[in-house]
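Residue numbering for the sequence shown follows numbering that gives the first Met the number 0, starting at 0 and increasing by one per position. Here a beta-carbon is modelled for each residue, glycine too, at the ideal position from N, C-alpha and C. Notes to accompany the following structure.
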Amino acid sequence: MPARELVVLGTSSAVPTRTRGHSGHLLRWDGEGLLVDPGEGTQRQMLLAGVSASDVDVIALTHEHGDHVLGLPGVLQRRAMDGATTPVPLVFPAPAAPLVAHLLGAAAHAGALAVPCPVDGDGPVRGPDGSLLRVGGAVLHAVALDHRVPACGYRLVEPDGRRMLPAALADRGVTGPAVGALQREGRLEVPGGVVHLEDVSAPRRGQVVAVVEDTRWCEGALRAAAGADLLLCEATFADAEEHLAAPYGHLTARQAGRLAREAGARRLVLTHFSSRYPDVGPLLAQAREEHDDVVAAADLERHPVPPRR
Ligand SMILES: [Zn+2]
């Protein structure tokens, strides 16, 4: 099982279909899980997808519409039934606070298993203790989007690091535990002198996963998707319904493709399809005319984050 992957729980917009549940996506990252938008039915979709409530370490809501949030009380109650006692950070756009309070109230005693972390505008998300909120070491960022209610996209950003170069290490005679010491200290004394970390490693860009749910085309979507290795993006409409996209605050599949291309994102995963399309093949084809690496998500699928280039 890849350490970094997207588990698709639901891919329908507004209403579920026989084959597509309400919105829900779990991002697994180095042993921790970020659940984005637990729509109605998410608890059962998690069961079918082989994900347990204890696999969720952070929950993020993109906006307050019911099709994205009504599964929250059930997910929290399931955590309580499974014996969880540690609350998870619950991230959401600040103006959704009253609705979030209702949802936590509906979860009764299990509402205490989520700690509200409202976000305002763009930037790194702060956890309950005020420190940067991380998922498996990657930092969660929020980006304001443009929907019919306050909405935000999310970026999970791995800090840049350094890749050790085995040949250079061997050259300097650095082996075994000394490699770890060099990585920690940045320098290491060896019989021939001093080895600096930069001498035996190269910069390694951190990976980024971006989630752009309900939004019309906007600058925020471009910022959210910028340079993502994997971009999960809503694709509510096909070309034929393009006239509906902006008024309803959504994107077409073609716009999602354009977004991936203009933002320099790598793999685009389309989701959030209108129930009017039993077959999303045409939407996938339209997005592929704009961007070369596109797949359409289906419920219960897993999509690995592409390996580093
Ligand atoms: Zn939606």
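Nearest neighbour of residue i, chosen from the options [CA to CA]
i	options	result
Arg78	Asp66, Ala111, Ala48 and Leu102	Ala111
Leu47	Ala59, Arg308 and Val7	Val7
Ala150	Val210, Gly191 and Pro127	Val210
Val173	Gly160, Asp198 and His64	Asp198
Cys116	Ala95, His101, Ala105 and Ala107	Ala95
His195	Ala2, Gly120, Gln182 and Val207	Gln182
Gly73	Ala106, Thr214 and Pro97	Ala106
Leu258	Ala225, Tyr247 and Ser12	Ala225
Ala143	Gly152, Gly136, Ala137 and Gly135	Gly152
Gly65	Gly20, Thr84, Ala223 and Ala113	Gly20
Val156	Val208, Leu168, Ala167 and Ser274	Val208
Leu168	Gly136, Ser274 and Ala201	Ala201
Ala262	Trp28, Ala100, Ala220 and Arg133	Ala220
Gly122	Glu218, Ala141 and Ala113	Ala141
Glu300	Leu25, Asp213 and Pro246	Leu25
Phe236	Arg203, Gly280 and Glu218	Gly280
Gly49	Glu39, Leu5, Asp128 and Val138	Leu5
Val193	Ala180, Arg203 and Gly205	Ala180
Glu218	Thr84, Asp36, Asp145 and Leu34	Asp145
Gly135	Val14, Arg162 and Gln206	Gln206
Pro165	Pro158, Glu188, Ala177 and Glu63	Ala177
Ser273	Glu39, Leu250, Arg260 and Val294	Leu250
Ala244	Thr85, Val68, Arg147 and Ser130	Arg147
His62	Leu71, Arg43, Asp56 and Asp54	Leu71
Ile58	Thr16, Gly126, Asp29 and Pro1	Gly126
Asp56	Tyr247, Pro303 and Leu132	Leu132
His271	His290, Asp291, Ala296 and Gln254	Ala296
Val293	Arg307, Arg308, Arg260 and Tyr276	Arg260
Pro277	Pro1, Ser12 and Ala2	Ser12
His302	Arg27, Thr18, Glu31 and His290	Arg27
Asp170	Pro158, Gly9, Gly191 and Pro306	Gly191
Gly256	Asp238, Tyr247 and Gly248	Asp238
Met80	Ala93, Arg275, Asp36 and Gln42	Gln42
Pro158	Val189, Arg204 and Gly129	Arg204
Ala252	Ser22, His290 and Thr84	His290
Ser51	Ala83, Gly175, Met163 and Glu39	Ala83
Tyr247	Ala223, Trp216 and Thr18	Trp216
Residue i, DSSP secondary structure in three states
i	result
Gly73	helix
Glu233	strand
Gly280	helix
Leu146	Rather than Leu, the amino acid found at residue 146 in this sequence is His. Coil at His146, not helix or strand.
Gly310	This structure leaves residue 310 out entirely; the chain is present only between 0 and 308.
Ala286	helix
Arg253	helix
Glu311	As shown, the chain starts at 0 and ends at 308. That puts residue 311 outside it, with no answer to give.
Ala141	strand
Arg301	strand
Ala295	strand
Endpoints, beta strand (DSSP E) assigned at residue i
i	result
Tyr153	Pro149 to Val156
Gly49	Gly49 -> no beta strand (DSSP E), and no H or E assigned at all.
Leu267	Arg266 to Thr270
First and last residue of the uninterrupted alpha helix (DSSP H) at residue i
i	result
Arg183	Pro176 to Glu184
Pro246	Glu241 to Tyr247
Ala317	Outside the displayed span of the chain (0 to 308) sits residue 317, for which this structure offers no information.
Beta carbon proximity, residue i to chain D, threshold 8 Å
i	result
Pro123	Here chain D cannot be found, since the structure has a single protein chain.
(message) In chain order, what are the residue ranges of uninterrupted alpha helix (DSSP H) at least 4 long that sit wholly in the segment 21–67?
(response) 41–48
(message) My parser needs the beta strand (DSSP E) runs of 3 or more residues fully inside the segment 185–231; what are they?
(response) 186–189, 192–195, 200–203 and 207–211
(message) For a minimum of 3 consecutive residues, which ranges assigned as the beta strand (DSSP E) are wholly contained in the segment 89–139?
(response) Whole beta strand (DSSP E) segments, 3+ residues: 113–118.
(request) Say whether the segment 217–231 touches the segment 264–281, bearing in mind that this needs 3 or more beta-carbon pairs closer than 8 Å, one atom from each stretch. (result) yes
(message) Closer than 8 Å is the cut-off here; do at least three beta carbon pairs connect the segment 232–251 with the segment 275–287?
(response) Touching, yes, given that three or more Cβ pairs across the two stretches are closer than 8 Å.
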